[in-house]
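Quick notes on the structure that follows.
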Amino acid sequence: DDVSAWGISLYGNGGMNTTYGNEVNTACGGGVGVYCGGKAGVDLMQAFLSLDLAYDFGPVKVGIAPTLAVQRFKARGLVAFSAISADPTNLTNNGYSYSFGGGLRGGIEWEVVPRLRIGLSGQTPMWMSKFDEYSGLFADKGSFDIPAAVTVGVAFDVLPELTLMADYEHIFYGSIDSIANSSTAPALLGSKSGPGFGWDDVDVIKVGAEWRPNDKWTLRAGYAYATNPVNSSDVTFNILAPGIVQHHITAGGSYRITEKDTLELAGVFVPESTVSGIEVTPLGPNPGRRIELNMHQFQLNVGWTHEF
């Protein structure tokens, strides 16, 4: 009807993986691999299925989306950490492990005055089952929930065809033990207070513009700055997950093919960011060796939207 809508969304997070080869590592006494255990790395993929419900109260619009989630994860090359794992047989090289769960997303938009809108949206944690095959790696026997997040934003229609936007987002990484616990925590991997990646909460500021030159085309551009979650004391473990980038530059657009079908294209450029610190091995800190993490990214997205 004219005041309510519903839909089903299927989307994912992918590409959260690292791969390191069999290069000779002088710290291993002639052994190979970044962690002295041969080829090393992790692969994490997430998929979400949500039922989206929205209602229009005039100047106020409300939406809610119960969401199901599934994760797939594997790790390899971490044998060197067996001595500090509560469950060495479920630490590494066990292939893919799956985790299932869900949570709730929702939001509200308020048209304060004509052309000016304020929005608030949030996501509960996605409460997930444990990665049983990696109960000796992640804190609390393989626990790996997806963190909650909250966003507040404003949009202003400078012209009927031009909108400027700004958002602030806070991601609660610090509430997930397997992500937030320090990598140097004095406990065994896989235990309740076991080492994690040492990530802090992340704050993100975004600005963007959307131009609609006609009924077919919509063009977008934006910039985002995020705080770095990785501390210098945690660089060794974050070789597996070097999520240190801070600047994102985006551009894209959409083209309405029919009344119900839209083709979308977007690109993201992420300039290089760096974090460095001393090496911390299972035997303790090694001040004689320093590790530097560098990351840059380029991403291209193509999508299709069908309205029912």
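Here the sequence shown is numbered in our numbering, starting from 1243 and rising by one per residue. All C-beta atoms in this analysis are idealised placements derived from N, C-alpha and C, irrespective of residue type, glycine included.
Within 10 Å of its beta-carbon, does Lys1316 have 16 or more other beta-carbons around it, so buried, or fewer, so exposed?
buried
Same chain, Cβ closer than 7 Å to Pro1513, neighbours up to 5 away in sequence not counted
His1489, His1538
Pick out whichever of Ser1417, Gly1436, Gly1432 has its Cα sitting closest to the Cα of Thr1426.
With distances taken between Cα atoms, Thr1426 lies closest to Gly1436.
Based on DSSP bridge pairs, tell me the residues matched to Arg1532.
Ile1520
In DSSP terms, what Ser1251 is bridged to
DSSP, once it has assigned bridges, lists Ser1292 as partnering Ser1251.
Phe1373 and Pro1389 - do their beta-carbons sit closer together than 8 Å?
The Cβ atoms of Pro1389 and Phe1373 lie no closer than 8 Å to each other.
Euclidean distance between Cα positions of Gly1349 and Glu1411
13 Å
Kindly list the residues whose CB is nearer than 8 Å to the CB of Ala1422, restricted to its own chain and excluding five residues on each side of it in sequence; keep chain order.
Tyr1415, Gly1416, Gly1438, Phe1439, Gly1440, Trp1441, Asp1442
How about Gly1337 and Gly1378: do their beta carbons lie closer than 8 Å?
By the CB criterion at 8 Å, Gly1337 and Gly1378 fall outside the cutoff.
Between which two residues does the alpha helix (DSSP H) harbouring Ala1422 extend?
1419-1422
Under a Cβ-count criterion, where at least 16 other Cβ atoms within 10 Å of its own Cβ denotes burial, should Arg1318 be classed as buried or exposed?
buried
With a Cβ-Cβ cutoff of 8 Å, do Ala1307 and Asp1294 count as a contact?
Their beta carbons are under 8 Å apart, which means Ala1307 touches Asp1294 by this criterion.
Would you kindly work out how many angstroms separate the C-alpha atoms of Arg1544 and Ala1397, rounded to a whole number?
Reading off the sequence, residue 1544 comes out as Val, not Arg. So the alpha carbons of these two residues sit roughly 25 Å apart.
In chain order, what are the residue ranges of uninterrupted alpha helix (DSSP H) at least 4 long that sit wholly in the segment 1413-1501?
Entirely contained in the segment 1413-1501, the alpha helix (DSSP H) runs reaching 4 residues are, in chain order, 1419-1422.
For the candidate residues Phe1386, Ile1418, Ala1322, Glu1501, whose alpha-carbon lies nearest to that of Ser1339?
Phe1386
Do three or more CB pairs link the segment 1498-1506 to the segment 1442-1452 at distances below 8 Å?
no
Could you please give the first and the last residue of the uninterrupted beta strand (DSSP E) stretch that includes Ala1390?
Unbroken run through Ala1390: none, as it is neither H nor E.
Within 10 angstroms of the Cβ of Pro1428, are there 16 or more other Cβ atoms? Answer buried if so, exposed if not.
exposed
Out of Gly1530, Glu1403, Ser1371, which one is the CA nearest neighbour of Arg1314?
Ser1371
Over the uninterrupted beta strand (DSSP E) stretch that includes Ala1311, give me the two end residues.
Secondary structure note for Ala1311: its beta strand (DSSP E) is the uninterrupted segment 1302-1318.
From Glu1506 to Ser1496, what does the alpha carbon distance come to, in whole angstroms?
4 Å
Got a sec? Which residues, its chain only, sit under 7 Å from Ser1324 by beta carbon, not counting five neighbours each side?
Pro1330, Leu1333
Outcome for Thr1268 when other beta-carbon atoms lying within 10 angstroms are tallied against a minimum of 16
exposed
Since Ala1463 contacts Ala1483 with CB under 8 Å, what's their CB separation in whole angstroms?
Wrong, their Cβ atoms sit about 29 Å apart, outside the cutoff.
Return helix, strand or coil for Pro1402, following the three-state DSSP convention.
coil
With distances taken between CB atoms, is the gap from Ala1408 to Val1444 smaller than 8 Å?
no
When Leu1430, Glu1452, Glu1375, Gly1279 are compared against Thr1405, the one with the closest alpha-carbon
Glu1452
For Ala1508, the three-state DSSP class (helix, strand or coil):
strand
Measure how close the beta-carbons of Val1477 and Gly1519 come, nearest whole angstrom, since I'm counting them as under 8 Å.
4 Å
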